[in-house]
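The block underneath contains the structure these notes are about, expressed in C-alpha cells.
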Amino acid sequence: MKKSALLPVALVLASFSFVSCGSAVNVTKPPSGLTERVFASQSASSPTAAAGLIIVNGYNDTVGRGEVSTGGSPGLMVTTPERATLLAVDSILNKVDVVSTAKETSTGSIQLPGPTTSIVAPQSGVGYAAVPTAPLIGTSPGAVIEMDLTSGNISATISVPNAQTVVSNPGGSQLLVFSNDSDNVTVVSPALETSGNPVTFIVPLCTGCRPVNAVFSSDGGIAYILNCGAECQGTQASVQVLNLATTPPSLGASVPVDGATIGLLNGSTLYVAGFSPSTANNGCTGETTAAATCGRLDIVDTGSMTVTGSAVITDGYHDRIDMGLGSQLFVGSHTCTNIGNVNNVTGEVRGCLSIYNTTNGNVTIPPDNGDVTGLQSFTSRYAEYVAEGGNLRVYDTTIDSLLLNDYISNGTIIVTGVITDVKAVDFF
Numbered sequence: 007m008k009k010s011a012l013l014p015v016a017l018v019l020a021s022f023s024f025v026s027c028g029s030a031v032n033v034t035k036p037p038s039g040l041t042e043r044v045f046a047s048q049s050a051s052s053p054t055a056a057a058g059l060i061i062v063n064g065y066n067d068t069v070g071r072g073e074v075s076t077g078g079s080p081g082l083m084v085t086t087p088e089r090a091t092l093l094a095v096d097s098i099l100n101k102v103d104v105v106s107t108a109k110e111t112s113t114g115s116i117q118l119p120g121p122t123t124s125i126v127a128p129q130s131g132v133g134y135a136a137v138p139t140a141p142l143i144g145t146s147p148g149a150v151i152e153m154d155l156t157s158g159n160i161s162a163t164i165s166v167p168n169a170q171t172v173v174s175n176p177g178g179s180q181l182l183v184f185s186n187d188s189d190n191v192t193v194v195s196p197a198l199e200t201s202g203n204p205v206t207f208i209v210p211l212c213t214g215c216r217p218v219n220a221v222f223s224s225d226g227g228i229a230y231i232l233n234c235g236a237e238c239q240g241t242q243a244s245v246q247v248l249n250l251a252t253t254p255p256s257l258g259a260s261v262p263v264d265g266a267t268i269g270l271l272n273g274s275t276l277y278v279a280g281f282s283p284s285t286a287n288n289g290c291t292g293e294t295t296a297a298a299t300c301g302r303l304d305i306v307d308t309g310s311m312t313v314t315g316s317a318v319i320t321d322g323y324h325d326r327i328d329m330g331l332g333s334q335l336f337v338g339s340h341t342c343t344n345i346g347n348v349n350n351v352t353g354e355v356r357g358c359l360s361i362y363n364t365t366n367g368n369v370t371i372p373p374d375n376g377d378v379t380g381l382q383s384f385t386s387r388y389a390e391y392v393a394e395g396g397n398l399r400v401y402d403t404t405i406d407s408l409l410l411n412d413y414i415s416n417g418t419i420i421v422t423g424v425i426t427d428v429k430a431v432d433f434f
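Numbering of the sequence shown is given in the working numbering, commencing with residue 7 and proceeding in unit increments.
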C-alpha cells in the first residue's frame, strides 16, 4: 500500500523533472555555467590581475567562474553577427585574439602588420581591421586586413593608404574605409579580391569635409557619411548621404551639424555626436559645470535631411554610442574635460559619459571620471554596461543613474584589472 501511495507522487515529480529537462532540450551551457554572459576585456594592472577576458553574469552583474586567456593588453572587441566568435584586439602586441564564445576559449590569434583602432566582423568566419601603418611594397602605407577567423590567417591585404576606420554594410558585401586627413571615402567590395581590384570606388567629398565614419541604413543601400570637419582640421562638420545602390555611388543631400564623429540610426532619426572647435558652438549653455567647453548631440531627420534638435553633452572625441532599453542614448568620448574626483566627492564630478533621454530631450552627465571605452545595452534589462576610466559601471536606464542591487555596490562590478570594452554574447 505504501508503494502504491508513493507511485503517483513519484510520477508527478518525474513529470516535473521531465518538463524541466524538456525546457532545456538541446541547450548546452558553456563552461562558466552562465547563459546570459557579458565578456569584458581586462588588461593587467597588478600582480593579482590576470590579463584576459572576464565573464560577467549579465543577469545579476556578478563575475562568473573562469575567464579567457589572451595577450597582455586586450581592449577593443567585436562579435560576429551570430555571436559565436568574439575578436579582441591586443593593443601592445598588435594581434587579434579569436575567441569561441561557446567554448569560452581562444582558438588562436592573428598577427596584424601594425596597430588598429577599428575592426568589424560582418560575417561568420571573416573580420576586417584598418591598419594605417601597414607596410606595402610600391605604395603608401595603410591597408584593410582581411582575417580568416577559421584558419587564423590573413586572407587578404587591401591597399588603402592611411586606412584608419572600416565600416561594413549589414551583409559584409561592401566596406567603407576612412583615411587620416583625407576628403575621400574608399569603397571596398571583398568579393572582387580574386577576380579584380576590391577597391571599387574612391568617392571624393567636399574640400575640408574630413569624413571619419558612417552609419548604414538597415538594407545597406544608403550610408550616412559623418564628416568631422573642423574637429579634424577641416572646415564644416556635416552629414552627407552616399547612395551605394547606384554605380558609381552617388552623393545626396548634406546637412551641416555641430560635430560628427559617431552616429546611431533609429528609424528615420540619426543621432550625431561631435565637438566643434568654434567657441560659438562649444559652450555649455544650460549646464551648471566648471567645464569650459562642451560637445553637441544633433538630431537629424533623414527623410528631410534637416537638424531637428540639439543637446549639450560632454566634450572630447566622441567614438562610442549605444541605445539602451527605455530609449536612453549613451554617448561616450575620450580626452574629455574631467572634473573632480569620483573617489573624493567634494563638488562636481564629471567625465566623458553623457546620457540623452530621447523621449524628453534631457541630458544626464553622471558623476564619474575617465574615458568611455565600451558600451553595452540589453534587450531584456533596463541596464547599460559602461567601461569608463578602467571601471565597469552598470547604469539603471529608468533613472539614468548607477544601478544598486544586492550583488554590486555603487553600480560597479569589482575587478582587479583595467576594463576597456564589454560585449554581450547571449541574446537577452
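Here a beta-carbon is modelled for each residue, glycine too, at the ideal position from N, C-alpha and C.
Everything numeric in this text was worked out from a predicted model, so none of it was measured.
The DSSP assignment places complete beta strand (DSSP E) segments of no fewer than 3 residues inside the region 353 to 412 at 359 to 363, 378 to 383, 389 to 394 and 397 to 402, in order along the chain. Between the C-alpha atoms of I60 and P254 there is a straight-line separation of about 45 Å. The secondary-structure analysis by DSSP pairs Q117 across a beta bridge with K101. Shown here, G227 sits in coil according to DSSP, grouped into three states, outside any helix or strand.
The alpha-carbon separation between N63 and D412 amounts to approximately 14 Å. Between I98 and the set G395, S79, T111 and M83, the nearest pair of CA atoms involves S79.
The region 138 to 202 contains, as complete beta strand (DSSP E) runs of 3+ residues, the segments 149 to 154, 159 to 165, 169 to 174, 181 to 185 and 190 to 194 (chain order).
Taking each of G396, T404 and Q382 in turn and checking the Cα distance to Y388, the smallest one comes out for T404.
By the Cβ test, the region 423 to 432 is in contact with the region 374 to 389, since at least three Cβ pairs between them sit closer than 8 Å. For the 8 Å CB-CB criterion, L276 and V306 form a contact. Minimum Cα-Cα distance from E354 among the listed residues Y323, V392 and T295 corresponds to T295. Boundaries of the beta strand (DSSP E) harbouring A46: R43 to S49, taken from the DSSP string. By a beta-carbon distance limit of 8 Å, S244 contacts A266. Their separation comes to about 7 Å.
Taking C-beta atoms under 8 Å as the contact rule, V421 and L398 qualify, at a distance of about 6 Å.
Beyond the five residues adjoining it in sequence on each side, T76 comes within less than 7 Å, by CB distance, of A57, G58, L59, A94, D96, D103 and S112 in the same chain, given in chain order. Residues of the same chain with a CB within less than 6 Å of the CB of N168, apart from the 5 flanking positions on each side, are P138, G148, S185 and N186 in chain order. When the alpha-carbon of R89 is set against those of Y401, T299 and S130, the nearest one is in S130. The three-state secondary structure of G280, taken from DSSP, is strand. Distance between E293 and I361, taken at the CA atoms: about 14 Å. The continuous beta strand (DSSP E) containing M329 extends over residues Y323 to G330. Taking the Cα positions, S38 is about 46 Å away from S282.
Taking a 10 Å sphere around the C-beta of K35, we find fewer than 16 other C-beta atoms and assign the residue as exposed.
Boundaries of the beta strand (DSSP E) harbouring I319: T312 to I319, taken from the DSSP string. C-alpha of E110 to C-alpha of V74: approximately 6 Å in a straight line. Straight across, the Cα-Cα distance linking S415 with V166 is about 47 Å.
By DSSP's assignment, P37 forms no beta bridge with any residue. Straight through space, the alpha carbons of Q48 and G81 are spaced by roughly 7 Å. Here V150 is near I164, since their CB atoms are less than 8 Å apart.
Separation of T145 and I268 (C-alpha to C-alpha, rounded to the nearest whole angstrom) is 30 Å.
At a Cβ-Cβ threshold of 8 Å, T320 and C358 count as neighbours.
Under the three-state reduction of DSSP, A135 is assigned to strand. About 11 Å separates the beta carbon of L257 from that of L250, a gap too long to meet the 8 Å contact definition.
Closest option to G301, judged by alpha-carbon separation, among S310, V313, N287 and M311: N287. In the structure shown, E237 adopts helical secondary structure according to DSSP, grouped into three states. By the CB criterion at 8 Å, T314 and S274 fall outside the cutoff.
For G417 and T206, the gap between their C-alpha atoms comes out near 48 Å.
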